[in-house]
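Engineer: Using this note's numbering, read the sequence shown as starting at 2 and increasing by one per residue.
Ideal placement from N, C-alpha and C gives every residue a C-beta, glycine not left out.
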Amino acid sequence: MPTDELPEAFHVTTDEQLRAVSNLTRHRIMAVLRFEPATITQIAERVGLAKGSSSYHVRLLERAGLVKVVRTRKVRGVTERYYAMAARAIVLPDPGQGEPDALMRHAVADLEASPVDGERHIGMAHLRLTEAQFTELGARLQALAEEYQELSDPSREDASFVFALFRPAPREQGEGSAE
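1) Shortest alpha-carbon distance to A144 belongs to which of Q18, V79, E81, F162?
2) With a Cβ-Cβ cutoff of 9 Å, do H107 and H12 count as a contact?
3) Between the alpha carbons of F164 and R172, how many angstroms are there, rounded?
4) With respect to the beta strand (DSSP E) encompassing R72, which residues constitute its N-terminal and C-terminal limits?
5) Taking the beta strand (DSSP E) that E81 falls in, what are its first and last residues?
6) If you pair each beta-carbon of the stretch 71 to 88 with each one of the stretch 124 to 135, do three or more pairs fall below 8 Å?
7) With the cut-off set at 9 Å, would you say R35 and M86 are in Cβ contact?
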């Protein structure tokens with residue numbers, strides 16, 4: 002199933018779905034399925050898992066409704082299933098105060114696992130913005146991500162674009178100061 006035939010978004014709403022996407026291995030399996038369907042064997046090879054482990058994680062994703070079988074074929078008497086994402090985007094709920102953000106944890110893990118000898122662009126900027134500037138920058142970053150998603154070619158190598166625009170929690174008086 003081409004990605005343009007998928008629903009636009011799948012909203013994670015249940016604890017089962019949240020547990021499924023919070024696991025780094027399952028996050029990486031969904032990344033494999035982002036642009037094209039794959040079999041358990043293909044997923045296992047691309048993620049670096051044993052077929053049994055790959056099958057286990059895919060079954061959990063399927064049960065949670067995040068991936069689905071999009072076609073089958075018979076190979077030497079065995080039915081081979083091709084899995085794909087259930088939607089073009091998975092929308093996670095905002096984590097609560099002090100709760101870990103699964104998306105950012107996975108992004109950092111993927112960044113740490115990426116080849117250090119390859120081209121990478123990493124930066125952080127501390128800004129002081131008006132509410133209007135903050136809102137505008139967030140919209141521009143989202144539009145940039147969407148623009149490049151439209152240009153994505155499944156035959157090309159993956160690249161990840163992660164951004165987080167947020168206001169840090171207020172610091173307690175004296176916190177972070179050298180005494």
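Structural biologist: To lay it out plainly:
1) F162
2) no
3) 23 Å
4) 68 to 76
5) 79 to 86
6) no
7) yes
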